[in-house]
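What follows is a set of notes on a single structure, which appears directly below.
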Amino acid sequence: MSGVGTHRSNTTMRQGPPLSMGKNVLYKYGNSMISLFRKLLANRSLLKNLVIRDLKYRYVGSIAGFLWSVIHPLVSFVSYTFVFTVIFPTRLGPESGTDSFAIFFFCGFLPWFLFSDTVMRNCLAISDNAQLITKTIIPAEILPISITVSNFVHHLIGLGILLLVLIVFYSVHLSVLWIFLYIGMTLMLAQGIGWIVAGLHVFVRDTIQALQILLFLWFWFTPVLYSLDRLPANIRVFAEFNPMAVIVTGYRNSLLDRAQPDPLEVTLVLAASITIFIIGALLFRHAKPAFPDVL
């Protein structure tokens with residue numbers, strides 16, 4: 249009996265350190281995320297000023313100024329409508345939720361552009377603001393976040409124009425409220441990846457070129473120009489592993505009142521977005537002490 253007791257005691261001792269180590273890691277990462285949110289809260293005025301600076305910088309020296317943020321999506325929508333209605337008339341199946349390819353395309357393009365443009369601009373957030381990093385005590389994490397918030401503001405303008413078109417020429421239902429869930433997942437996913445590429449670009453300046461190619465390929469694996477329902481079953485299985493495929497499809501369905509979100513798909517993509525957000529934040533936090541020495 250004493251031998252059995254000793255064996256159990258030894259087993260317990262062997263299992264102790266890994267469990268303790270796991271708790272310490274979770275505690276450390278948890279504290280890191282809490283510290284990040286506290287830092288954002290403490291620097292909310294700085295974040296606001298950086299967002300305003302970014303919005304103004306886009307149109308500095310232009311006569312129309314901020315009106316360009318309305319003109320650009322409006323002209324884009326009219327252009328796509330003309331191209332896919334007059335020059336290359338495209339037929340959509342009943343699974344598309346609309347007979348207008350321009351509406352179908354724009355409903356998918358808005359979330360994709362929010363994601364891709366946020367990731368691309370985040371990549372340059374640190375290297376383009378080297379003086380702020382090396383000569384001030386500004387928290388480096390805030391620079392990519394300010395770009396994400398700025399892009400979110402622009403996205404709302406484009407979304408507002410699209411909603412106006414849908415209200416006037418089609419219809420909008422309560423399902424449109426689901427769109428905020430998909431926007432939230434898009435922003436978390438883009439910010440997580442944005443932090444990773446922003447830190448990497450400080451050390452490897454080829455990152456921006458590689459990212460352009462990656463996003464170009466990623467676009468074609470995302471149902472912006474087509475519906476997932478039209479893909480062969482064996483290909484659709486792989487497409488559904490793409491979180492942006494689920495987001496773009498759900499975003500479009502919310503606007504066109506096609507279907508309620510699939511709980512399992514939404515849960516998986518939400519979990520993936522949160523995970524990538526946390527990983528990106530932790531990797532960026534680990535890399536940022538070396539930024540001043542490299543910039």
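Add 248 to a position in the sequence shown, counting from 1, and you land on the number used in my numbering. No residue lacks a Cβ here, since even glycine has one placed at the ideal position from N, Cα and C.
Would you mind giving the Cβ-Cβ distance between residue i and residue j, rounded to the nearest angstrom? I have them listed as a contact below 8 Å.
i: P491; j: L407; result: Their Cβ separation, rounded to whole angstroms, is 20 Å, which puts P491 and L407 out of contact at 8 Å.
i: L295; j: S394; result: 6 Å
i: I390; j: L465; result: With 8 Å as the limit, I390 and L465 do not qualify as a contact, their Cβ atoms being about 31 Å apart.
i: F532; j: W468; result: That pair is no contact at about 29 Å.
i: W360; j: V494; result: That belief does not hold up - the Cβ atoms of W360 and V494 are roughly 12 Å apart, past 8 Å.
i: D505; j: S423; result: 5 Å
i: G356; j: P471; result: 6 Å
i: I527; j: M281; result: Not really, about 11 Å apart at Cβ, beyond 8 Å.
Where does residue i land, buried or exposed, given buried means 16+ other C-beta within 10 angstroms?
i: D302; result: buried
i: T384; result: exposed
i: R256; result: The predicted model places R256 with a pLDDT of 47, which falls under 50 and marks its position as unreliable; any figure quoted below should be read in that light. Exposed is the call here.
i: Q439; result: buried
i: V367; result: buried
i: R478; result: exposed
i: A538; result: exposed
i: S348; result: buried
i: T333; result: exposed
i: Y499; result: buried
i: A519; result: exposed
i: V517; result: buried
i: H402; result: buried
i: A535; result: buried
i: R306; result: exposed
i: T382; result: exposed
i: Q263; result: Per-residue confidence for Q263 stands at a pLDDT of 48, beneath the threshold of 50, marking its modelled position as unreliable; the derived number appears in the next sentence. Result: exposed.
i: L289; result: exposed
Under 9 Å between the Cβ atoms of residue i and residue j?
i: V542; j: F451; result: yes
i: L503; j: L410; result: yes
i: R484; j: L473; result: no
i: H449; j: L372; result: yes
i: A446; j: I374; result: yes
i: L414; j: I351; result: yes
i: F237; j: L362; result: One cannot answer for residue 237 here, as it falls past the ends of the chain, which runs 249 to 543.
i: I300; j: N370; result: no
i: P387; j: N291; result: yes
i: V318; j: I405; result: yes
i: T396; j: S521; result: no
Can you tell me which of the three DSSP states residue i falls into?
i: L543; result: coil
i: H320; result: helix
i: Y307; result: coil
i: V420; result: coil
i: V401; result: helix
i: V545; result: The chain is shown only over 249 to 543; residue 545 falls outside these bounds and no answer can be derived.
i: V544; result: No information on residue 544 is available, as it lies outside the stretch 249 to 543 that the chain covers here.
i: N297; result: helix
i: N279; result: helix
Could you pull out every unbroken alpha helix (DSSP H) segment of at least 4 residues lying fully inside the stretch 332-397, listed in chain order? Segments of the alpha helix (DSSP H) lying fully in the stretch 332-397: 349-371 and 378-383.
4 or more residues per run - each alpha helix (DSSP H) lying fully within the stretch 454-517: Taking only runs of at least 4 residues, the alpha helix (DSSP H) segments lying wholly in the stretch 454-517 are 455-468, 481-487 and 491-504.
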